[in-house]
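*Asks:* Quick note on numbering: the sequence shown equals residues 1 to 262 in the UniProt record's numbering. Sharing a structure with you now.
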Amino acid sequence: IGVDAVSTLLQYKDVRIFHHLEEEGNSVELPWNKVSTVFNFARLLEESRKTLSAILLYRLILFKYPDYVDALLRLAAIAKARNYIQLSIELVGEALKVNDKCPSALAILGCLELKNDEWVKAKETFRAASEAADRKDFYASVCLGNWNYFAALVSELKKQTKYITVHLEKAKDIYSNVLKQCTTNLYAANGLGMILAEKGQFDVSKEMFTQVQEAVSGTTFVQMPDVWINLAHVYFAQGNFTLAVKMYQNCLRKFFYNTDNQ
């Protein structure tokens with residue numbers, strides 16, 4: 001992502017560019033019945049890595065319709081993917097001002113809190129997201145499963161053996177329940193693969209990650225860097241270091257523009 005795109009993202013509240021266009025006689029009209037089309041076009045631009053154009057379209061939508069939550073959340077996602085965590089939190093906060101029970105906004109906020117190592121806050125936020133959707137939001141459920149998975153890893157580092165099993169089993173139950181209700185949920189499948197890998201079932205988990213990766217490659221609007229990272233972890237655990245390093249490097253180039261070293 002170039003400097004221009006970063007600057008455009010950081011200045012998301014600055015509407016002078018649109019006023020300037022109007023002053024020059026350019027039309028920046030956006031009828032409400034065209035907003036969804038413009039938003040979907042911006043998503044396509046975003047996935048095509050034309051980030052600057054996508055950001056400008058999201059900002060145009062917000063200039064005309066400041067309460068358009070989906071545009072705020074896409075800007076938050078772009079910021080998060082590039083490690084602008086505080087900016088992402090700010091954007092999610094703007095979305096929550098519009099709808100404080102928006103499941104998607106709460107789930108993203110929980111992920112950001114988790115990234116900041118705010119474990120207790122993240123768990124409560126994920127629960128709030130799940131409750132806001134009447135526990136029918138699979139994304140929020142998967143996030144809660146992820147929380148338990150990472151809690152198991154932390155327990156392992158702290159040598160808290162009894163908590164490792166508790167959290168892993170809880171995560172497994174959550175992922176499995178989601179898959180029972182939605183067999184095509186790639187995030188839950190990826191999560192279940194993580195549990196299998198954690199239990200040393202590398203061949204099964206590798207097959208699951210590979211299937212998820214293949215499914216993701218067939219869609220434009222779903223990006224899952226985690227599955228690439230998980231595959232790399234499995235290759236590393238199996239001693240295939242060269243392939244693991246290659247997978248890590250490809251993931252950084254494809255999803256993080258070489259900005260995320262975690």
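For glycine and all other residues, C-beta sits at the position ideal for the given N, C-alpha and C.
Determine the burial state of T242: buried for a count of at least 16 other Cβ atoms within 10 Å of its Cβ, exposed for fewer.
*Replies:* By the neighbour-count rule (16 or more Cβ atoms within 10 Å), T242 is not buried but exposed.
*Asks:* In the structure shown, what three-state DSSP assignment does R59 receive?
*Replies:* In the structure shown, R59 sits in a helix (DSSP, three-state: H, G or I).
*Asks:* For C251, which option in K123, Q238, Q223 and A237 has the closest C-alpha, if you only look at C-alpha atoms?
*Replies:* The shortest C-alpha separation from C251 is found at Q223.
*Asks:* Give the straight-line distance between the Cα atoms of N99 and I55, rounded to the nearest whole angstrom.
*Replies:* When rounded, the distance between both Cα atoms is 22 Å.
*Asks:* Between the alpha carbons of Q211 and A188, how many angstroms are there, rounded?
*Replies:* Distance between the alpha carbons of Q211 and A188 is about 13 Å.
*Asks:* Are the CB atoms of I61 and A71 nearer to each other than 8 Å?
*Replies:* Yes, these two residues count as a Cβ contact at 8 Å.
*Asks:* DSSP three-state label for G93, please.
*Replies:* Looking at G93 - three-state DSSP - the assignment turns out to be helix.
*Asks:* Roughly how far, in whole angstroms, is the beta-carbon of N185 from the beta-carbon of F138, given that I think they are within contact range, below 8 Å?
*Replies:* Sure, about 5 Å apart at Cβ, within 8 Å.
*Asks:* Mind checking F209: buried by the 16 CB within 10 Å criterion, or exposed?
*Replies:* So F209 ends up on the buried side.
*Asks:* At what residues does the alpha helix (DSSP H) containing R253 begin and finish?
*Replies:* Note, R253: premise wrong, no alpha helix (DSSP H); not H, not E.
*Asks:* From Q160, A237 and W119, pick the residue whose C-alpha is nearest to that of C143; which is it?
*Replies:* Closest by alpha carbon: W119.
*Asks:* I'd like to check one pair, A76 with M9: are the Cβ atoms closer than 8 Å?
*Replies:* The sequence given here places Leu at residue 9; Met does not occur at that position. No, these two residues do not count as a Cβ contact at 8 Å.
*Asks:* Would you check if there are 3 or more beta carbon pairs closer than 8 Å linking the region 166-177 to the region 121-136?
*Replies:* They do not touch, by the three-pair rule.
*Asks:* Could you have a look at M208 and say whether DSSP puts it in helix, strand or coil?
*Replies:* Helix at M208.
*Asks:* DSSP on G145, reduced to helix/strand/coil?
*Replies:* Correct three-state label for G145: helix.
*Asks:* Do T105 and L96 have their C-beta atoms within less than 8 Å of each other?
*Replies:* Per the sequence shown, residue 105 should be read as Ala rather than Thr. Yes, Cβ-Cβ distance for A105 and L96 is below 8 Å.
*Asks:* In three-state DSSP terms, what is V154?
*Replies:* Residue state, collapsed to three classes: helix.
*Asks:* Excluding the five sequence neighbours on either side, which residues of its own chain have a C-beta within less than 8 Å of the C-beta of H167, listed in chain order?
*Replies:* Once the five neighbours on either side are set aside, the close Cβ partners of H167 are N148, Y149, A151, A152 and S155.
*Asks:* Pop quiz: L192 and Y175 are said to be a contact at Cβ under 8 Å. What is the actual Cβ separation, rounded to whole angstroms?
*Replies:* Correct: roughly 4 Å between the Cβ atoms.
*Asks:* Might you give, ordered along the chain, the residues of its own chain that have their beta carbon closer than 6 Å to the beta carbon of L21, omitting 5 neighbours on each side?
*Replies:* Cβ neighbours of L21 beyond the five flanking positions: V28.
*Asks:* I need the straight-line Cα distance from K101 to D226, nearest angstrom please.
*Replies:* Going by the C-alpha atoms only, they are around 27 Å apart.
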